[in-house]
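Protein chains in written order, with the working numbering: chain A, 1 to 216; chain B, 1001 to 1201.
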């Protein structure tokens, strides 16, 4: 098997392992679904009728970002218990495959939450067009690429519950700007390009630096 | 990593600090290929730190430590099992076997589970295992890829009499075949196998 094919099988095996763990433990996805739905419901009842559509898009992104944070906070929990991350780090596979597998699994969970969140948003607030959906999809890639790296950093520290939001939220600001822009701006394509560029740059950075995060 | 010819491990004044705390002070030693190094010392003397340095989970603050071979040639049992608690015994070995590129990993996993008395519980989640069973599975994981260097940090911990006797036999089989580094509080148990000793103070 070629190097790329081996790398791909490692990534798939690692991501599949996370999906299998979640299917058994069910301690991340249900919490994300419940959180995103209840947040949007609370916003719906908290805001006065006839709230501006542009402002409502901001609320969708608050819900998405904090739902993602909930998933990211749990992302490395299986590796923390029992020291499994050391086991992965010692394996001869490329260490970036560990990050990519985790990012893909987190993306699957976030995608599932968004499959509920976007229709709920359309129901409670305003219709969502294709450009806005593309914005959600592109921003989710960035959230998971950056978030998985930062969550691995936070997982190694004692104050992980505090450190993860402190690291992640500032880096998520461009994603919120791009996501909201894609939803409300007449030049949505520009914001999609911006999100694509963010994804590319930060995915490469995370891919290249993950090894240094999980080793001394 | 490169070592002097014939040596599997060469350590020169190896020191490790965590902040201001010195976890390991200036240790020098060598171990030839197929040698058996017994590491002893009281609690807090740096045994675990030294073993983590050997496998590359930590790097020395000072000194040089060279270990022959790649990551794929290294099997490690630490204080933690390095396993997924919500995967079954077989799924754990299958995952690590894939990552270690073990040929015929399912057959090899099955053979190890049989050898370590875990075949009957292969489909059970690790979270349902006793500490001793988890330790046996950790040993299976460490030996899965047939490593040339085996590093064992207090491997008798949590093992019952049967488990300890099984590990005695495994260590005897490894002796002279693989390079072994083992830390223990019960040096008498493996004294006859050890070719080298390192006492940390």
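Ideal placement from N, C-alpha and C gives every residue a C-beta, glycine not left out.
Residue nearest to residue i in terms of C-alpha spacing, selected from the options
| i | options | result |
| --- | --- | --- |
| residue 79 of chain A | A/38, A/128, A/151, A/6 | A/151 |
| residue 136 of chain A | A/87, A/98, A/111, A/33 | A/111 |
| residue 170 of chain A | A/66, A/51, A/16 | A/66 |
| residue 1188 of chain B | B/1025, B/1141, B/1040, B/1108 | B/1040 |
| residue 127 of chain A | A/11, A/52, A/140 | A/52 |
| residue 91 of chain A | B/1067, B/1104, B/1194, B/1073 | B/1073 |
| residue 1096 of chain B | A/100, A/107, A/84 | A/84 |
| residue 1100 of chain B | B/1076, B/1121, B/1087, B/1191 | B/1076 |
| residue 1169 of chain B | B/1185, B/1013, B/1192 | B/1192 |
| residue 11 of chain A | A/99, A/181, A/164 | A/99 |
| residue 1159 of chain B | B/1110, B/1137, B/1194 | B/1137 |
| residue 1177 of chain B | B/1198, B/1196, B/1150 | B/1150 |
| residue 1126 of chain B | B/1112, B/1132, B/1085, B/1094 | B/1085 |
| residue 63 of chain A | A/118, A/93, A/39 | A/39 |
| residue 115 of chain A | A/172, A/202, A/213, A/36 | A/36 |
| residue 1113 of chain B | B/1024, B/1059, B/1141, B/1102 | B/1141 |
| residue 1201 of chain B | B/1016, B/1120, B/1008, B/1024 | B/1024 |
| residue 1046 of chain B | B/1139, B/1068, B/1102, B/1021 | B/1021 |
| residue 200 of chain A | A/81, A/159, A/162, A/138 | A/138 |
| residue 43 of chain A | A/164, A/181, A/124, A/161 | A/124 |
| residue 26 of chain A | A/74, A/50, A/59 | A/74 |
| residue 215 of chain A | B/1059, B/1027, B/1083, B/1011 | B/1059 |
| residue 1153 of chain B | B/1088, B/1128, B/1051 | B/1051 |
| residue 1013 of chain B | B/1005, B/1030, B/1007, B/1115 | B/1030 |
| residue 1062 of chain B | B/1199, B/1174, B/1015 | B/1015 |
| residue 1057 of chain B | B/1087, B/1115, B/1082 | B/1082 |
Buried or exposed (CB count within 10 angstroms, at least 16 for buried), residue i
| i | result |
| --- | --- |
| residue 204 of chain A | exposed |
| residue 1064 of chain B | exposed |
| residue 1018 of chain B | exposed |
| residue 194 of chain A | buried |
| residue 1108 of chain B | buried |
| residue 1162 of chain B | exposed |
| residue 1146 of chain B | exposed |
| residue 1092 of chain B | buried |
| residue 1179 of chain B | buried |
| residue 1105 of chain B | buried |
| residue 15 of chain A | buried |
| residue 45 of chain A | exposed |
| residue 166 of chain A | exposed |
| residue 1 of chain A | exposed |
7 Å CB neighbourhood of residue i in its chain, flanking five on each side removed
| i | result |
| --- | --- |
| residue 29 of chain A | 22, 109, 112 |
| residue 1164 of chain B | 1156 |
| residue 147 of chain A | 68, 72, 106, 168 |
| residue 1190 of chain B | 1038, 1171, 1182, 1184 |
| residue 142 of chain A | 175, 195, 198, 199, 202 |
| residue 1055 of chain B | 1074, 1076, 1151 |
| residue 140 of chain A | 107, 110, 111, 114 |
Same chain only: Cβ atoms within 6 Å of residue i, ignoring 5 sequence neighbours per side
| i | result |
| --- | --- |
| residue 18 of chain A | 105 |
| residue 211 of chain A | 95 |
| residue 1195 of chain B | 1035, 1036 |
| residue 172 of chain A | 65 |
| residue 33 of chain A | 113, 116 |
| residue 1197 of chain B | 1038 |
| residue 184 of chain A | 54, 57 |
DSSP beta-bridge partners of residue i
| i | result |
| --- | --- |
| residue 127 of chain A | Beta-bridge pairing links residue 127 of chain A to no other residue. |
| residue 1009 of chain B | B/1031, B/1067 |
| residue 44 of chain A | Per DSSP, none; premise fails for residue 44 of chain A. |
| residue 1179 of chain B | B/1149 |
| residue 1016 of chain B | B/1024 |
| residue 171 of chain A | Residue 171 of chain A pairs with nothing; no bridge assigned. |
| residue 1125 of chain B | B/1088 |
| residue 1036 of chain B | B/1180 |
| residue 212 of chain A | In the DSSP output, where bridge partners are listed per residue, residue 212 of chain A has none listed. |
| residue 1196 of chain B | B/1037 |
| residue 1074 of chain B | B/1149 |
| residue 1062 of chain B | B/1015 |
Any non-hydrogen atom of the ligand MN within 7 Å of residue i CB
| i | result |
| --- | --- |
| residue 1011 of chain B | Absence of the ligand MN from the depicted structure is noted, as is the absence of any ligand whatsoever, leaving it without description. |
Beta-carbon neighbours of residue i, restricted to chain E and to distances below 7 Å
| i | result |
| --- | --- |
| residue 81 of chain A | No chain E is present in this structure, whose protein chains are A and B. |
Contact set for residue i: own chain, Cβ-Cβ below 8 Å, skip 5 residues either direction
| i | result |
| --- | --- |
| residue 1094 of chain B | 1105, 1106, 1109 |
Item to check | Short-range partners of chain A found in the stretch 1069-1083 of chain B, where Cβ spacing is below 7 Å | outcome: Listed by position along the chain: 1070, 1071, 1072, 1074, 1076, 1078, 1080, 1081, 1082, 1083.
Checklist entry - In chain order, what residues of the stretch 112-135 of chain A put their CB closer than 9 Å to some CB of chain B? => result Of all residues in the stretch 112-135 of chain A, none places a beta-carbon less than 9 Å from a beta-carbon of chain B.
Item to check | Residues, ordered as in the chain, of the stretch 1054-1068 of chain B that lie near chain A by beta-carbon distance below 8 Å | outcome: Cβ contacts with chain A come from 1055, 1056, 1057, 1058, 1059.
Next on the checklist: Taking beta-carbon pairs under 8 Å, can you tell me which members of the stretch 83-103 of chain A lie near chain B?
Outcome noted: Of all residues in the stretch 83-103 of chain A, 83, 84, 86, 87, 88, 89, 90, 91, 92, 93 have a Cβ within less than 8 Å of some Cβ in chain B.
Item to check | Near-chain A residues of the stretch 1083-1109 of chain B (beta-carbon distance less than 8 Å), N- to C-terminal order | outcome: 1083, 1084, 1085, 1086, 1087, 1091, 1095, 1096, 1098, 1099, 1100, 1101: these are the residues of the stretch 1083-1109 of chain B whose beta carbon lies less than 8 Å from some beta carbon of chain A, given in chain order.
Checklist entry - Along the stretch 1146-1169 of chain B, what residues have a CB closer than 7 Å to any CB found in chain A? => result Listed by position, the residues of the stretch 1146-1169 of chain B near chain A (Cβ gap below 7 Å) amount to none.
Next on the checklist: If the cut-off is 8 Å on Cβ atoms, which residues from the stretch 18-39 of chain A count as contacting chain B, listed in chain order?
Outcome noted: The stretch 18-39 of chain A vs chain B, Cβ under 8 Å: 20, 21, 24, 25.
Checklist entry - Taking Cβ-Cβ distances below 9 Å as the criterion, which residues of the stretch 151-167 of chain A are in contact with chain B? => result Within the stretch 151-167 of chain A, no residue qualifies.
Item to check | Contacting positions in the stretch 58-79 of chain A - beta carbon closer than 7 Å to chain B | outcome: Result list: 78.
Item to check | Proximal residues, the stretch 1022-1044 of chain B versus chain A, C-beta separation under 7 Å | outcome: Flagged: no residues at all.
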